[in-house]
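Worksheet for the structure shown next.
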Amino acid sequence: MTALADAEVGTVPDWSPPRPSLVWLTVALSAAGLGVSGYLTAAHYTSPSLLVCSASGAIDCAKVTTSSASRLFGIPVAVLGLVWFVPMLGLSLPAVWRSPDSRVAVARLAWVTAGIGFVVYLIYAELFVVGAICLWCSTVHLAVFLLFVAVLSAGLPQLRR
Amino acid sequence: MAVPVGVVVAVVVALVLVKVAGGGSSTPTAEPDRQPAPAGVVTAVTSVPASVLDTIGAPSGLTPPQRLPKATVLTKDGKPAVVYLGAEFCPYCAAERWPMVVALSRFGTFSGLKITHSSSTDVFANTRTLSFVGSSYSSPYITFDPVEFENNRNGPLEQPDAIQTRVEANFDKPPYSGIDGGIPFIDFGNQWSIGGPSYNVQILQGLSWEEIASQLSDPNQVLAVGVDGTANIISAAICQLTGGQPAAVCGSPGVRVATGRIPGAK
């Protein structure tokens, strides 16, 4: 059958947004990532009062943010994370998900792909440059990864129409 | 969707496997975790010339102690107590021990000092430092009460005594420390505290114990400014507890300048 014939009988919807649960998941992950990035940014700029280890023997001394890998082109990585999550939160809003404009879907996919690429670099930096894992940073990395999975699972169908 | 997600997962897993297999950042050849401090290092750290300390003073870039809200001076064995809470894995503790030994050596005598390094898998990895484990300190002016909770591999090391436990419970928390139970934490008779490194830990990176010790007597070295300047501040805080004794130390130009950095000091 041709596409015109399909439209005449109304059997193929023009477009349908992703499941509400998936939409709200992306909102929650973006908001959580924004919150943690905000904390890491504050920690980066705070005076030595935060330069302590935990006497209980945490995995790290929570100071990956003071390492040489904590800046990229002079910009603190924590700030870059904050900057990334702001538009990601915007792209995750239900009203934006409902947009039939394919450019929004492309932008969302491109943004989350850039984010996951940066996360892979940061993991490399933690393992091979700093030699320490930052638990708070790993929380952000996980949020970006889950957003990547969510956007791929919800966003690709939009691009196939 | 599976392919791009799979690629990301595969890359991250590969990075972790390479790291676990021993690739990536270099670590120093195996060193004993703790061993007796060489005589030359001990001499250099415990005998920094007064002229050098006076020249350095207390530069503004150093973090001063905070005033604690306690009227009664904490004592132990009949003398004002200086309590130190730390751990050998902690790089900030590694940095702070150098000026502590410089300062405390002006009020008493250490024996049995050790050398070690901070964790090999944390920030500022393998920062060379001294260790108080197994050492003793004697002074006619103060009692020094240190505890190292863990070794540099995050294994259990020492248990706190009753005084250290109370100090940790009462003061080792915000705003006197970055976090609850943060280390390093130094309590000066429950009157002042230092919660964190007083100078830039980066200064010590890549240096051996001998190199660190040898720079302490050169006031032109950035390392000396950080360590000895902090030692002056620590000395000034101790002098507040000892009523200005010994006069040669507490009346020295370097300590007098540092006293101005102690909030509420007389």
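Note that the protein sequences, when read in sequence, are chains A and H.
The first sequence begins at 1 in the working numbering and counts up one residue at a time.
The second sequence begins at 1001 in the working numbering and counts up one residue at a time.
Idealized CB from N, CA, C, for every residue including glycine.
Local Cβ density within 10 Å of residue i, reported as buried at 16 or more and exposed below that
| i | result |
| --- | --- |
| R98 of chain A | exposed |
| R19 of chain A | exposed |
| P1091 of chain H | buried |
| E1150 of chain H | buried |
| A105 of chain A | buried |
| Q1035 of chain H | exposed |
| T1129 of chain H | buried |
| P1064 of chain H | buried |
| N1220 of chain H | exposed |
| F73 of chain A | exposed |
| Q1337 of chain H | Since the first and last residues shown for chain H are 1001 and 1266, residue 1337 of chain H lies out of range. |
| L34 of chain A | buried |
| Q1205 of chain H | exposed |
| P1146 of chain H | buried |
| E1096 of chain H | buried |
| D1161 of chain H | exposed |
| W24 of chain A | exposed |
Contact with chain A by residue i, beta-carbon distance below 8 Å
| i | result |
| --- | --- |
| P1146 of chain H | no |
| Q1061 of chain H | For clarity, residue 1061 of chain H is Gly in the given sequence; the question names Gln instead. No, no contact with chain A. |
| V1042 of chain H | no |
| K1019 of chain H | yes |
| P1028 of chain H | Low local confidence applies: a pLDDT of 40 at P1028 of chain H is under 50, so the model's placement there is unreliable, with the coordinate-based value given in what follows. P1028 of chain H does not count as touching chain A. |
| I1179 of chain H | yes |
| L1015 of chain H | yes |
| A1231 of chain H | no |
| G1195 of chain H | yes |
| G1108 of chain H | no |
| I1262 of chain H | no |
| I1183 of chain H | yes |
| Y1141 of chain H | no |
| P1004 of chain H | yes |
Residue i versus residue j: straight-line alpha-carbon distance, rounded
| i | j | result |
| --- | --- | --- |
| G38 of chain A | L82 of chain A | 6 Å |
| D1054 of chain H | A1231 of chain H | 11 Å |
| G1264 of chain H | A1103 of chain H | 20 Å |
| L1074 of chain H | D1187 of chain H | 9 Å |
| A1125 of chain H | A1044 of chain H | 24 Å |
| V1255 of chain H | V1222 of chain H | 19 Å |
| D1228 of chain H | L1216 of chain H | 7 Å |
| F1110 of chain H | L1085 of chain H | 18 Å |
| V1257 of chain H | A150 of chain A | 60 Å |
| S1051 of chain H | P1069 of chain H | 34 Å |
| P1140 of chain H | I1238 of chain H | 13 Å |
| V36 of chain A | V1082 of chain H | 37 Å |
| I75 of chain A | E126 of chain A | 17 Å |
| P100 of chain A | A78 of chain A | 33 Å |
| I1142 of chain H | I1056 of chain H | 25 Å |
| M1100 of chain H | V1133 of chain H | 14 Å |
| W1098 of chain H | A95 of chain A | 59 Å |
| A42 of chain A | G1244 of chain H | 40 Å |
Within-8 Å CB hit, residue i to chain H
| i | result |
| --- | --- |
| P149 of chain A | Sequence check: residue 149 of chain A is Val here, not Pro. Yes, contact with chain H. |
| S21 of chain A | no |
| F128 of chain A | yes |
| S54 of chain A | yes |
| S92 of chain A | no |
| L152 of chain A | yes |
| F145 of chain A | yes |
| Y39 of chain A | no |
| V106 of chain A | no |
| P17 of chain A | no |
| V120 of chain A | yes |
| I75 of chain A | no |
Beta-ladder partner(s) of residue i, from DSSP
| i | result |
| --- | --- |
| A110 of chain A | Its beta-bridge partners do not exist; DSSP assigns none. |
| W1192 of chain H | H:R1067 and H:F1188 |
| A1080 of chain H | Reading off the sequence shown, one finds Pro at residue 1080 of chain H, where the question assumed Ala. In DSSP, P1080 of chain H forms a bridge with H:T1075. |
| L1085 of chain H | H:V1147 and H:F1185 |
| S54 of chain A | H:G1182 |
| Q1202 of chain H | Answer by DSSP bridge pairing: none, since Q1202 of chain H is not bridged. |
| P1036 of chain H | H:K1114 |
Cβ-heavy atom distance, residue i to the ligand GDP, below 7 Å
| i | result |
| --- | --- |
| T1055 of chain H | For the structure depicted, the ligand GDP is absent and the ligand set is empty, with no information on it obtainable. |
Which runs of the beta strand (DSSP E), 3 residues or longer, sit entirely within the segment 1103-1182 of chain H? 1109-1111, 1114-1117, 1128-1131, 1136-1138 and 1143-1148
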